[in-house]
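Student: Quick one: the structure is below, questions incoming.
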Amino acid sequence: MYAVVETGGRQVRVKEGDTVRVERLAAAPGDQVTLDRVLLIGNGKVEIGAPVVAGALVRARVLRQGRGRKIRVMKYKAKAHYRRRLGHRQAFTELRIEKIELGGQSETARAETGAAPVKVGAATARAPEKPVRRRRRPAGGEGGGA
Numbered sequence: 092m093y094a095v096v097e098t099g100g101r102q103v104r105v106k107e108g109d110t111v112r113v114e115r116l117a118a119a120p121g122d123q124v125t126l127d128r129v130l131l132i133g134n135g136k137v138e139i140g141a142p143v144v145a146g147a148l149v150r151a152r153v154l155r156q157g158r159g160r161k162i163r164v165m166k167y168k169a170k171a172h173y174r175r176r177l178g179h180r181q182a183f184t185e186l187r188i189e190k191i192e193l194g195g196q197s198e199t200a201r202a203e204t205g206a207a208p209v210k211v212g213a214a215t216a217r218a219p220e221k222p223v224r225r226r227r228r229p230a231g232g233e234g235g236g237a
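Using this note's numbering, the first residue of the sequence shown is number 92, and each one after it goes up by one.
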């Protein structure tokens, strides 16, 4: 059985026992995470979600947090003596896929860890929006010249 899950804005095809790297998740090594944005499940026949498969979950264990290889970026402007060399290392979380569930949450998986798993991909509470401040026009009419 395999599944396609969405995490960190990317889609990843996983099966039980796989080790995958995804965008950094807020979980410590050893924690169990639940990926609930399952877009597709294949088990003999393919079940495609609209946009997600109802009741499908992927349970994974966090193996480690890390940073990828350095990517070098060079900025350059001709004839202006402008050169900048930058580096970037993308943060990632390495997961081991433990279980792909089609019928929703199981109590046995929750009892193994002793705590509720971290839910990834669910809607998060947003801060209240600030009121929009309008800019004042300059005094003296249209702001034109002489």
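Every residue gets a Cβ at the ideal spot worked out from N, C-alpha and C, and that includes glycine.
His172 lies in the beta strand (DSSP E); which residues open and close that run?
Tutor: As a first step, residue 172 must be located in the sequence shown, where it is residue number 81. Unbroken run through His172: none, as it is neither H nor E.
Student: Between the C-alpha atoms of His172 and Thr125, what's the straight-line distance to the nearest angstrom?
Tutor: Sequence index remark: in the sequence shown, residue 172 carries index 81 (1-based). Sequence index remark: in the sequence shown, residue 125 carries index 34 (1-based). For His172 and Thr125, the distance between alpha carbons rounds to 51 Å.
Student: Where does Lys190 fall in DSSP's three states?
Tutor: Mapped onto the sequence shown, residue 190 falls at position 99. Strand at Lys190.
Student: For the beta strand (DSSP E) containing Arg225, name the first residue and the last one.
Tutor: Counting from 1 along the sequence shown, the entry for residue 225 is found at position 134. Segment: none, Arg225 is in no beta strand (DSSP E) and carries neither H nor E.
Student: Can you tell me whether DSSP reads Gly140 as helix, strand or coil?
Tutor: Translated into positions along the sequence shown, residue 140 becomes position 49. Note: Gly140 maps to coil in three-state DSSP.
Student: Any contact of the stretch 106-113 with the stretch 160-169, i.e. 3+ C-beta pairs under 8 Å?
Tutor: no
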